[in-house]
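In the numbering used here, the protein residues as written are 7 to 211.
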């Protein structure tokens, strides 16, 4: 973690830009895809969103090295960031996870909060369906919450469908002794690892 961003050309290993404005360690960064139509009157802008341990998000104009806007909701570390990928209609929209259990949609051009939604469990990260932007999955401290009504215009209307990932050492219901459990099937473990990789982008343990 660092207070600086170094933009490095991977071919030459040369530092081409240094971004300095955060006062706390940077914990998340996300490039904007910029897959929208642009021309002389509406030029292309290489943007990067960064979130730090104090809860601040900065949207950068990377070419000029300046902060386009600054966003602050809480004082806890940003958990996750994602620009909405269907940018034909919403190229400036940035979704963020603010601890402990909020997702907030921001206008990354103006820093305006568009909506905020809370959930019952602590949210660790999220992932959008690459084929349908109305579907997303939240990784929480208890399991996974599937959302099927995500929209830039309003917060999800329901609490989503929860899938709990049970601990192998969890206490049995009603405190009754449980029979010795057979080892978990290898196929089931692999499937669970795939879900974790999809949402967290981390290698399975």
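Note that the Cβ used here is the ideal one computed from N, Cα and C, for glycine as well.
Ranking 118, 37, 166 and 13 by CA distance to the CA of residue 141 puts 166 first. In the structure shown, the three-state DSSP call for residue 57 is strand. For residue 71 and residue 27, the gap between their C-alpha atoms comes out near 10 Å. For residue 52, the secondary structure class from DSSP, reduced to helix, strand or coil, is coil. Looking at the DSSP output, residue 152 bridges to 143 and 167. In this structure, DSSP gives residue 132 an extended state, which the three-state scheme calls strand. Rounded to the nearest whole angstrom, the CA to CA distance from residue 130 to residue 63 is 17 Å. Judged by DSSP secondary structure, residue 90 falls outside any beta strand (DSSP E); it is assigned neither H nor E.
Cα atoms of residue 118 and residue 25: separation of roughly 22 Å, rounded to the nearest angstrom.
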